[in-house]
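Here's the structure we're looking at; comments come further down.
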Amino acid sequence: MKYISTRGHAGQPANPQFCDILLGGLAPDGGLYLPETYPQVTRAELDAWRSLSYAELAFAILSKFITDIPAADLKAICDKTYTADTYRHARAGDDPADITPVRWLEQGRLGLLELSNGPTLAFKDMAMQLLGNLFEYVLDKRGETINILGATSGDTGSAAEYAMRGKHGVRVFMLSPHGKMSAFQRAQMYSLQDDNIHNIAVTGMFDDAQDIVKAVSNDHAFKAKYKIGAVNSINWARVAAQIVYYFKGYFAATGNNDQQVAFCVPSGNFGNICAGHIARQMGLPVAKLILATNENDVLDEFFRSGIYRPRKTAETYVTSSPSMDISKASNFERFVYDLVGRNPEIVASLWKQVDAGGAFDLTSTPHFGRLGDFAFASGRSTHADRLATIRKVYADYATMVDTHTADGLKVAFEQLPSLPADVPLLVLETALPVKFAETIREALDQEPERPADLAGIETLPQRVEVMAPDVEAVKAFIVAHV
Ligand SMILES: *Cc1c(COP(=O)(O)O)cnc(C)c1O
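First residue of the sequence shown: 1, per the UniProt record's numbering; consecutive thereafter.
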């Protein structure tokens, strides 16, 4: 399988394969990588896949996108990644061996696809754990090393650290805003004692941390000398890994392959739902992909109006579903590439406007009319909606959900009546409630449920370097630790 860039120039080698783009971020022309074509899944394959375990299904799907790793090695990587031990935080009554169990709120009609049973209790573990094993495999093969530099406001950083801890050839330098994460999130990250994991708490905001990462990455000499890499959400391997659970959820929610399913996805950077779009393009029988945002409704606005209007930092709200507090959706370009008929010139010209701080409007173009072909719907929610949804789901279904999943459920309840009665709707559960305890207390006046193995995590010794938001200081820290 060859990869292309959404803006037309995929760089050197001219036709990169999976391993060529695994460790990189953007394509050299500023676009995002996508497979040259989406592999099509036949009815016979769907029938054969229905009974596979998660690891087997991951291998069956990923081997269509990854043709430059020998099959036996890729199989071993999938088997090692998707184990009941790693994804051990399933709710009582759900089987961790399913990796992504479905929990029905209304049997056969409305369910949660549990994606947050991994080590850091958020769906990012689903892809990041695979990424850790793929990085180690490729670096070992090539005798290379990488220093991953990132900024996090919570979920991404911890998922990356738990995926990369103890891996050969990989070091992680993760910047976080000092004192701005929850006590639980701090404990998750800073209690790691692995030699290859470095936490840097910057005395500033998340944006300051992000700016430092950008400044270091723009110093091309430093970046090359110290082999600086990233694991952000535009990484193609993360999107590819996420395709798997759309298939798994479909098989769990339906009785046979004549049925259709719908998914509702709490969205920020359009990474998770982009994988759903690709699963549908591959032939998965998806009736509807419902996108849910919080008050940061850039994407809801697009699917309602055809206008994509990224926000300024000052227009980006701090909400109680913080992992969706984005000003622009970094994976959205992948979908737009398909929407405009896979024409890289059109994408490049649209993003010329976006990258210059502007917006684009498709309403008067033929592309707008094609939006219907992709079966999207959307909605948004507010803090008051989240509180009401958390209360309703707890009262009606005895299930405690986190704030992001609540954004999804709020929109799912709105959309459910318009779905045919034989189409089950799965809401993707993107985090467990314990990660966002403050809002759970506000909604339910009680502490969130906490997996037993994470009891008292806040009291473990922590390892973190507190630093002023200074690019040179961060560079010096990296130099001293490689
Ligand atoms: C990252 C994240 C999201 C948003 O996912 P995208 O792929 O950026 O759309 C939603 N919920 C939680 C809990 C997350 O960590």
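Heads up, the beta-carbon is just placed ideally off N, CA and C, and yes, glycines get one too. Nothing here was measured: the structure is a model prediction, and the numbers come from that model.
Taking a cut-off of 8 Å on C-beta distances, the segment 420–434 touches the segment 105–113, as three or more cross pairs fall below it. Distance from the Cα of I273 is smallest, within the candidate group L454, Q260, V102, D300, for D300.
Within the same chain, and ignoring the five residues on either side of R386 in sequence, the residues whose Cβ sits closer than 8 Å to its Cβ are N294, S320, S321, T403, A406, D407, K410, T439, A443.
DSSP places T293 in the strand class (E or B) of the three-state scheme. DSSP, reduced to helix, strand and coil, places F135 within a helical segment of the structure shown. With 16 or more other Cβ atoms inside 10 Å of its own Cβ, T156 counts as buried.
Sequence-distant Cβ neighbours of R380 in its own chain, meaning closer than 6 Å and more than five residues away, are T293, D297, D300.
For N147, the pairing in a beta bridge is given by DSSP as R171, I228. Shown here, A10 sits in coil according to DSSP, grouped into three states, outside any helix or strand.
In the three-state reduction of the DSSP assignment, I197 falls in the strand class, which pools E and B. Residue burial annotation: E144 is exposed, with fewer than 16 other C-beta atoms found within 10 angstroms of its C-beta. Inside the segment 315–376, DSSP marks whole alpha helix (DSSP H) runs of 4 or more residues at positions 332–339, 344–355, 366–370, from first to last along the chain.
M181 has its CB no nearer than 8 Å to any heavy atom of ligand 1. Excluding residues up to 5 positions away in sequence, L74, K75, C78 lie with their Cβ nearer than 7 Å to the Cβ of F59 in the same chain.
Taking a contact to require three or more Cβ pairs closer than 8 Å, the segment 186–196 and the segment 213–227 do not qualify as touching.
Excluding its 5 nearest sequence neighbours in each direction, P96 has C-beta neighbours in its own chain below 7 Å: A84, Y87, R88, A90, N117, listed in chain order. When DSSP reads this structure, K288 sits in a beta bridge with A262.
Non-local beta-carbon contacts of M324 in its own chain, meaning distances under 8 Å to residues more than five positions away in sequence, involve P266, S267, G268, T293, N294, N296, H404, D407 in chain order.
Here DSSP, grouped into helix, strand and coil, assigns G25 to coil. The C-alpha of P35 is placed about 27 Å away from the C-alpha of Q259.
Its chain contains A90, D94, D95, E114 as the residues whose beta carbon lies nearer than 7 Å to that of P101, once the 5 sequence neighbours on both sides are disregarded; these appear in chain order. In this structure, the straight-line span from the alpha carbon of M128 to that of I234 is close to 12 Å. No heavy atom of ligand 1 is found nearer than 8 Å to the CB of G249. Scanning its chain for C-beta atoms nearer than 7 Å, with the 5 sequence neighbours on each side dropped, one finds around D68 the residues Q17, F18, C19, in chain order. According to the DSSP assignment, E465 belongs to the beta strand (DSSP E) that extends over 465–467.
Relative to L284, the option among A421, Y337, I243, I307 whose CA is nearest is I243. Contact between Y33 and N147 is ruled out by a C-beta separation of about 22 Å, above the 8 Å threshold. With a threshold of 16 other beta carbon atoms within 10 Å, K328 meets it and is buried.
Relative to ligand 1, the beta carbon of V265 is positioned inside 8 Å of a heavy atom. V471 sits away from I278, with the two beta carbons spaced by 9 Å or more. Pairing Y308 with D361 gives a Cβ-Cβ distance under 9 Å.
For S305, the three-state secondary structure derived from DSSP is helix.
Its chain contains R43, L46, D47, R50, P285 as the residues whose beta carbon lies nearer than 8 Å to that of N257, once the 5 sequence neighbours on both sides are disregarded; these appear in chain order.
Excluding the 5 residues flanking it on each side, Q281 has same chain C-beta neighbours closer than 6 Å at Y38, in chain order.
Counting only the Cα atoms, I200 lies some 6 Å from V464.
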